[in-house]
Amino acid sequence: MSVPTPLVLDRLRDHFRRTYMLNETQVETMLVSSSKSLNQALASAHDILEGTEPETRFTLVFHSLKGLLLNMGEAEWAAYTKELEKKLTDGEQVDYAAAVEALEKGMAVILSYTEGMAEQAKHGGTSGGERNSSTTG
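Each residue of the sequence shown is one higher than the last, beginning at 4 in our numbering.
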């Protein structure tokens with residue numbers, strides 16, 4: 004099972020604009036919402052890895068991720084999670100930790116996305132405070 008290429012924010016923004024006909028404010032809201040939803044799903048995966056939840060819950064986590072990723076226009080990542088879900092329902096062995104790590108690496112750019120990042124990107128990719136601190140010295 005091959006791991007898809009990492010998620011790209013510009014591609015995600017374009018998907019939200021085209022598919023859902025959203026303006027920039029709405030796209031920003033969707034990015035923040037997607038970040039929160041992905042973080043919640045992966046937090047559940049970590050609970051399972053830590054033994055606080057049964058491994059059988061991975062099927063639900065991967066199923067939820069699949070739907071979220073489809074809504075985000077990330078068909079390759081959705082197919083990856085669908086394959087994981089199918090292996091689990093078929094009783095195949097899955098390296099859960101490796102799967103979660105692959106998801107976290109591939110989704111890193113959206114997992115770390117917070118409100119206002121689009122505005123920061125318009126101004127050189129940093130907030131004013133970071134820009135000012137780098138010029139003092």
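Here a beta-carbon is modelled for each residue, glycine too, at the ideal position from N, C-alpha and C.
Assign residue i to one of three DSSP states: helix, strand, or coil.
i, result
"residue 55", "coil"
"residue 20", "helix"
"residue 47", "helix"
"residue 120", "helix"
"residue 115", "coil"
"residue 12", "helix"
"residue 63", "helix"
Is residue i close to chain B? Criterion is C-beta to C-beta, closer than 9 Å.
i, result
"residue 120", "The question asks about chain B, but that chain is absent: this structure has only one protein chain."
Going by C-alpha distance, which of the options is nearest residue i?
i, options, result
"residue 86", "21, 69, 54 and 14", "69"
"residue 120", "44, 32 and 26", "32"
"residue 49", "10, 61 and 40", "61"
"residue 107", "20, 65 and 55", "65"
If you follow the alpha helix (DSSP H) that residue i is in, where does it begin and where does it stop?
i, result
"residue 6", "Careful: residue 6 lies outside any alpha helix (DSSP H) and carries neither H nor E."
"residue 87", "78-92"
Return the Cβ separation of residue i and residue j in integer angstroms, given the expectation that the two are a contact with Cβ distance under 8 Å.
i, j, result
"residue 35", "residue 118", "5 Å"
"residue 15", "residue 76", "7 Å"
| Would you call the segment 112-119 and the segment 88-102 in contact, with 3 or more CB pairs under 8 Å? | no
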